[in-house]
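Colleague: In our numbering, the protein residues as written are 897 to 1316. Where is the CB? At the ideal position from N, CA and C, for every residue including glycine. Input: one structure, supplied below.
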Ligand code: AMP
Ligand code: GLY
């Protein structure tokens, strides 16, 4: 089968890597891809948002299945368009992708269907938002409604930070149209985790739980990023907690989406906080997480293509999704300055020093004059697979030491919450 993967980050590298192991896959294309992906797939330079061009390419190349990695084309309706054109595509419709695209939609869904989440209020008017935030007090969380690449969220420990964020999002509108409306949320305290699931209407097959590390510095200090590292599974979180999350949160979410007339078909990402009063949803995404995918897919035993194909015919229930009895950890190497402004074009050395069971997933890289150079905030994700988390962590950090570029930054404490 010929497969097209849309996207060009670390997540898509992991998806392509996993699909390349399927005996049924004969050829993989990736749009736009990156130099790491190019080792496994033919990269095609079409932007992820250029839906018509992507569909024309899929037709011309007689692609058997298209997999959509990032949120942007999903929210733009790539799945609807491909289906209208008679093309096989895996991912949620534009309507179902609203679960990520609009935080207000997600919040209203959770309230209507009794899915536990933080208390919230939505505002478009700065003065009203300010009055509410002042009455609630800090700590409090301010979120731009709409897609903001994971960076439209401010966890304000102090009132001044909250006011600053409101001003930025509602008065100066630095987040573009995503900032026209803000969601103000109760601050949830506890440990965070991600539960990804394959969802086929009301059928849910959960993946292994993972944990991301959003703040840029060790000890969860500094501003939030798209994610600085992940590990899976979570040995310190009871399997009964995961079962509870599936039954009380993920399955009810799938049912709620179906009941709303926008059944979810694709990868549902549930970001959770394990609070004293039980697990609560922080956010949903309508796609694989980045960098969660870089630790979850290496642990998947089952052929990913089989899961995707079964979902397209409504038969996900029949597939046994199996996991390896191992652990994986991913350490992100980022450019100096990220998540703020950063330089591009630094030569990356040592990539050839890393071998399985460690994998270098490329995120923000490009090729320049025969060298692989930095081309984004998150540059690489170094994933190691071990018999247990301790071994995986050792392997990952050994490899991180071998790879270098000027200004490279990484957290040294990925996975440490599991050892406390
Ligand atoms: P989101 O994009 O909604 O996942 O938010 C990004 C990050 O902000 C999350 O991963 C959490 O670390 C943090 N966060 C979001 N909402 C809350 C909340 N209600 N309470 C505490 N932390 C939150
Ligand atoms: N790692 C967080 C996300 O993919 O949104």
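#1: Are there any heavy atoms of the ligand GLY lying less than 8 Å away from the beta-carbon of residue 1188, as far as the coordinates show?
#2: Taking the alpha-carbon of residue 987 as reference, which of 925, 1106 and 1158 has the nearest alpha-carbon?
#3: Step through the CB atoms of chain C and report whether any lies within less than 9 Å of the CB of residue 1308.
#4: Is the beta carbon of residue 1098 less than 9 Å from the beta carbon of residue 1154?
#5: Might you give, ordered along the chain, the residues of its own chain that have their beta carbon closer than 6 Å to the beta carbon of residue 1050, omitting 5 neighbours on each side?
#6: Can you list, in chain order, the residues of its chain with a C-beta nearer than 8 Å to that of residue 1021? Leave out the 5 residues immediately preceding and following it.
#7: Figure out for me which residue from 1250, 1166 and 1239 has the closest Cα to the Cα of residue 1269.
#8: Within the same chain, show all residues whose beta-carbon is closer than 7 Å to that of residue 1195, passing over the 5 residues directly before and after it, in chain order.
#9: Between which two residues does the beta strand (DSSP E) containing residue 1088 stretch?
#10: Quick check for students: name the residue ranges of the alpha helix (DSSP H) that lie wholly in the stretch 950-1012, counting only runs of 4 or more.
#11: Looking at the structure shown, is residue 918 part of a helix, part of a strand, or coil, going by DSSP?
#12: Near residue 951, which residues of its chain fall below 7 Å by C-beta distance, leaving aside the five closest residues on each side in sequence?
#13: Could you tell me the distance, in whole angstroms, from the CA atom of residue 1009 to the CA atom of residue 1156?
#14: What does DSSP give as the partner residue(s) for residue 1158 in the beta ladder?
#15: Specify whether the stretch 1170-1182 and the stretch 1076-1086 touch according to this definition: at least 3 beta carbon pairs, one from each stretch, less than 8 Å apart.
#16: Would you check whether the ligand GLY has a heavy atom nearer than 8 Å to the C-beta of residue 1021?
#17: Under the assumption that residue 943 contacts residue 912 (Cβ atoms under 8 Å), give the Cβ distance between them as a whole number of angstroms.
#18: Given this structure, state the Cα-to-Cα distance separating residue 974 from residue 1316, to the nearest angstrom.
#19: With 16 other CB atoms within 10 Å as the buried threshold, where does residue 1079 fall?
#20: Just to confirm, does residue 1181 get its C-beta within under 8 Å of one of the non-hydrogen atoms of the ligand GLY?
#21: Could you check if residue 1009 belongs to the surroundings of the ligand SAH, using beta carbon to heavy atom distance under 8 Å?
#22: Give the DSSP bridge partners of residue 1176, in chain order.
#23: I'd like to confirm something about residue 1084: is its beta-carbon nearer than 8 Å to some heavy atom of the ligand AMP, or not?
#24: Please look up how many angstroms separate the CB atoms of residue 1285 and residue 1131, rounded, as I've assumed it's under 8 Å.
#25: Around the C-beta of residue 956, are 16 or more other C-beta atoms found within 10 angstroms, so that it is buried, or is it exposed?
#26: Give me whichever residues DSSP pairs with residue 1211 in a beta bridge.
#27: Out of 928, 996, 1025 and 953, which one is the CA nearest neighbour of residue 1163?
#28: What is the DSSP secondary structure of residue 1302, counted as helix, strand or coil?
Modeller: In brief:
#1: As a first step, residue 1188 must be located in the chain shown, where it is residue number 292. Remark: the C-beta of residue 1188 is in contact range of the ligand GLY, defined as less than 8 Å to any heavy atom.
#2: Position 91 of the chain shown, counted from the start, is the residue given in the question as residue 987. The shortest Cα separation from residue 987 among 925, 1106 and 1158 belongs to 1158.
#3: The structure shown has no chain C; it contains just one protein chain.
#4: What you label residue 1098 is simply residue 202 of the chain shown in a count that begins at 1. What you label residue 1154 is simply residue 258 of the chain shown in a count that begins at 1. Judged by their CB atoms, residue 1098 and residue 1154 are nearer to each other than the 9 Å cut-off.
#5: Against the chain shown, residue 1050 aligns to sequence position 154. The answer, listed in chain order, is 1038 and 1061.
#6: If you number the chain shown from 1, residue 1021 lands on position 125. Cβ within range, chain order: 1066.
#7: Position 373 of the chain shown, counted from the start, is the residue given in the question as residue 1269. Nearest C-alpha to residue 1269: 1239.
#8: Taking the chain shown and counting its residues from 1, one reaches residue 1195 at position 299. Excluding positions up to five away in sequence, the list reads 1104, 1128, 1219, 1220, 1222 and 1224.
#9: Start at 1 with the first residue of the chain shown, and residue 1088 comes out as number 192. That run of the beta strand (DSSP E) goes 1087-1096.
#10: 967-972, 974-980, 994-997 and 999-1008
#11: Taking the chain shown and counting its residues from 1, the one referred to as residue 918 is at position 22. Note: residue 918 maps to coil in three-state DSSP.
#12: What you label residue 951 is simply residue 55 of the chain shown in a count that begins at 1. 977, 978, 981 and 983, listed in sequence order.
#13: If you number the chain shown from 1, residue 1009 lands on position 113. If you number the chain shown from 1, residue 1156 lands on position 260. About 10 Å.
#14: Translated into the one-based positions of the chain shown, residue 1158 becomes position 262. The beta-bridge partner set that DSSP reports for residue 1158 is empty.
#15: Yes: the two stretches touch, three or more of their Cβ pairs being nearer than 8 Å.
#16: Looking up residue 1021 in the chain shown gives position 125. Not so, every heavy atom of the ligand GLY lies at least 8 Å from the Cβ.
#17: Your numbering for residue 943 matches position 47 in the chain shown. Your numbering for residue 912 matches position 16 in the chain shown. 18 Å between Cβ atoms; not a contact.
#18: The residue you call residue 974 lines up with position 78 of the chain shown. The residue you call residue 1316 lines up with position 420 of the chain shown. Computed Cα separation, rounded: 43 Å.
#19: Within the chain shown, residue 1079 is the residue found at index 183, counting from 1. With 16 or more other Cβ atoms within 10 Å, it is buried.
#20: Residue 1181 sits at position 285 when you count from the first residue of the chain shown. Yes, the ligand GLY has a heavy atom inside 8 Å of this Cβ.
#21: Judged by which ligands are present, the ligand SAH is missing from the structure shown, whose ligands are the ligand AMP and the ligand GLY.
#22: Reading the chain shown from its first residue, position 280 is the one you call residue 1176. The partner list for residue 1176 (beta bridge, DSSP) reads 1169.
#23: Position 188 of the chain shown, counted from the first residue, corresponds to residue 1084. Proximity of the beta carbon of residue 1084 to the ligand AMP is indicated: a heavy atom of the ligand is located closer than 8 Å.
#24: Within the chain shown, residue 1285 is the residue found at index 389, counting from 1. Within the chain shown, residue 1131 is the residue found at index 235, counting from 1. Their Cβ separation, rounded to whole angstroms, is 6 Å, which keeps residue 1285 and residue 1131 in contact under 8 Å.
#25: On the chain shown, position 60 is the one that residue 956 refers to. The residue is exposed, with fewer than 16 neighbouring Cβ atoms inside 10 Å.
#26: Within the chain shown, numbered from 1, the residue matching residue 1211 stands at position 315. BP columns for residue 1211 are empty, so no partner.
#27: Here the question's residue 1163 lines up with position 267 in the chain shown. Of the listed residues, the one whose Cα sits closest to residue 1163 is 996.
#28: Stepping through the chain shown from its first residue, residue 1302 is reached at position 406. Three-state DSSP puts residue 1302 in coil, outside helix and strand.
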